[in-house]
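Visitor:
Residue numbers (our numbering): 11 to 171.
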């Protein structure tokens with residue numbers, strides 16, 4: 011009798027897991043895309059002045075705009091790029107990520123992928139790097155390791171965490 015109950019329990023558990031996995035796999039994971047105005051509002055609300063750096067990247071094909079934020083001591087940097095399309099943003103994300111991987115020797119990194127976004131976070135000995143592409147936009151944040159929560163909180167303000 012106990013064996014039958016055990017088999018029945020295992021069968022029901024497997025059935026529930028199979029159904030649950032099917033339902034979960036149908037859920038879309040998307041992030042909302044922000045524009046320059048939203049990035050500027052969040053940066054200014056955090057006490058930063060925003061600089062338009064688009065002219066510095068004239069050689070980057072498909073770039074519409076580039077915004078730059080830096081703390082007074084230069085230890086906290088945010089950049090926000092808007093491209094013509096998501097493919098260009100994804101390509102730039104890959105280039106940025108490879109540069110970080112080649113520059114910083116660490117095993118402490120994480121990646122996340124959704125329907126319309128890519129996220130890469132790298133924690134080095136001294137620096138923290140946060141990279142997020144959502145559709146045709148790309149956000150980059152850099153700080154000292156001990157200030158990484160500041161970057162995470164900033165990115166969370168507009169959903170690029």
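Glycine included, every Cβ here is placed at the ideal spot set by N, Cα and C.
Give me the residue from 100, 59, 137 with the minimum Cα distance to residue 118.
Guide: Relative to the Cα of residue 118, the nearest Cα in the group 100, 59, 137 belongs to 137.
Visitor: Taking C-beta to C-beta, are residue 108 and residue 92 nearer than 7 Å?
Guide: Pairing residue 108 with residue 92 gives a Cβ-Cβ distance that is not under 7 Å.
Visitor: Suppose contacts are defined by Cβ-Cβ distances below 7 Å. Is residue 148 in contact with residue 96 by that definition?
Guide: no
Visitor: Just to check my reading of the structure: residue 124 and residue 41 have Cβ atoms closer than 8 Å, yes? What is that Cβ distance to the nearest angstrom?
Guide: With a Cβ gap of about 6 Å, residue 124 and residue 41 count as contacting.
Visitor: Grouping DSSP H, G and I as helix and E and B as strand, with all else coil, what is residue 76?
Guide: strand
Visitor: Using alpha carbons as the reference points, say which of 56, 165, 156, 145 lies closest to residue 39.
Guide: 145
Visitor: Is residue 67 helix, strand or coil when you go by DSSP?
Guide: helix
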